[in-house]
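In our numbering, the protein residues as written are 6 to 298.
Down below is the structure, laid out as structure tokens.
If you want it as structure tokens, here you go:
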């Protein structure tokens, strides 16, 4: 029986089940060895199995990983509850007060998203929301912020919209939105999430970043994916800051037909989907046309 199946059975009963499982197997030693090796590599499922079956494993593995074993066993037990209600949230809050290692908590988030099929979406939502508040008050250093961003962007396109929504909220709360990656993700998500990503990008684009984006539009060579990403950021920058001085940039872009057509297509798409205010662009485009005459 493979590791995931052992994890599922153990999670169901919240107690060690390895004895019953391996007693029916002709490969007892191999099973224990493989689980131990995976645990030594920080495999979340393996560590959970070890946590409730410690007497089967090498004492060194157990003692070195004592903190992880306790913390993983506890979070799986909490996340296994049926409803993300107030009582559940209080349990998460208490857990976060006890487990203060932020790097480890990012590891937990990563693995809850990897193993999301074993937990309810609602419970994962509550965990992420509570973790966001915890990280905001305790403050992440730059390395931890990058690590968290990597986890979010790694899983974002593979999770349900409800989880995408709460992950965007986490990025906003902690001010860790990467506008370029967010623009890339925009191309692959559903309509409600497109709006939320645009809002997240808007809240993260400063005047300096907007100016950089506009300047880069003059420099990029034709590439459909790059053009789409920069076109989106270019349009959002204009809408947010009303940068009418970009008229000269637009005049130059109009000379590069493929790129300009891509900007117009993206603009029309955003207008049609009611994701931007078309009135903010009418004067700009009219001015560009007049300057071309």
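Backbone N, C-alpha and C fix where the C-beta goes; we use that ideal spot for every residue, glycine too.
Residue i: first and last residue of the uninterrupted alpha helix (DSSP H) it sits in
{"i": "residue 209", "result": "196-209"}
{"i": "residue 16", "result": "8-18"}
{"i": "residue 192", "result": "That residue, residue 192, is in no alpha helix (DSSP H); it is neither H nor E in DSSP."}
{"i": "residue 170", "result": "166-179"}
{"i": "residue 123", "result": "It is not in any alpha helix (DSSP H) - residue 123 carries neither H nor E in the DSSP assignment."}
{"i": "residue 36", "result": "33-45"}
{"i": "residue 151", "result": "147-160"}
{"i": "residue 93", "result": "91-103"}
{"i": "residue 63", "result": "Segment: none, residue 63 is in no alpha helix (DSSP H) and carries neither H nor E."}
{"i": "residue 260", "result": "Element bounds for residue 260: n/a, residue is neither H nor E."}
{"i": "residue 71", "result": "71-84"}
{"i": "residue 280", "result": "From DSSP, residue 280 is part of no alpha helix (DSSP H); its letter is neither H nor E."}
{"i": "residue 55", "result": "49-56"}
{"i": "residue 25", "result": "23-27"}
Beta-carbon spacing of residue i, residue j below 7 Å
{"i": "residue 241", "j": "residue 207", "result": "yes"}
{"i": "residue 232", "j": "residue 279", "result": "no"}
{"i": "residue 2", "j": "residue 121", "result": "Absent from the structure is residue 2, since the part of the chain shown begins at 6 and ends at 298."}
{"i": "residue 187", "j": "residue 215", "result": "no"}
{"i": "residue 21", "j": "residue 74", "result": "no"}
{"i": "residue 238", "j": "residue 218", "result": "yes"}
{"i": "residue 137", "j": "residue 175", "result": "yes"}
{"i": "residue 113", "j": "residue 80", "result": "yes"}
{"i": "residue 357", "j": "residue 181", "result": "Any answer about residue 357 is impossible in this case: the structure gives the chain only from 6 up to 298."}
{"i": "residue 149", "j": "residue 87", "result": "no"}
{"i": "residue 77", "j": "residue 100", "result": "no"}
{"i": "residue 139", "j": "residue 49", "result": "no"}
Close Cβ partners of residue i (< 7 Å) along its chain, the five nearest in sequence each way excluded
{"i": "residue 210", "result": "184, 241, 242, 245"}
{"i": "residue 298", "result": "Note that residue 298 scores 42 on pLDDT, short of 50, meaning its location in the model is unreliable; the coordinates nonetheless yield the value given after this. Answer for residue 298: no residue qualifies."}
{"i": "residue 159", "result": "none"}
{"i": "residue 43", "result": "8, 51"}
{"i": "residue 212", "result": "246"}
{"i": "residue 173", "result": "201, 202, 205"}
{"i": "residue 97", "result": "83, 131, 132, 135"}
{"i": "residue 166", "result": "195, 197, 198"}
{"i": "residue 161", "result": "169, 172, 190"}
{"i": "residue 104", "result": "76, 110"}
Near the ligand SAM: residue i beta-carbon under 6 Å from a heavy atom
{"i": "residue 274", "result": "Although the ligand SAM was asked about, the structure shown includes no ligands whatsoever."}
Cβ neighbours of residue i in the same chain (closer than 8 Å, five flanking residues each side left out)
{"i": "residue 25", "result": "none"}
{"i": "residue 32", "result": "none"}
{"i": "residue 67", "result": "55, 59, 74"}
{"i": "residue 164", "result": "118, 121, 172"}
Sequence-distant residues of its chain with Cβ nearer than 6 Å to residue i (five each side left out)
{"i": "residue 110", "result": "none"}
{"i": "residue 17", "result": "none"}
{"i": "residue 281", "result": "244, 275"}
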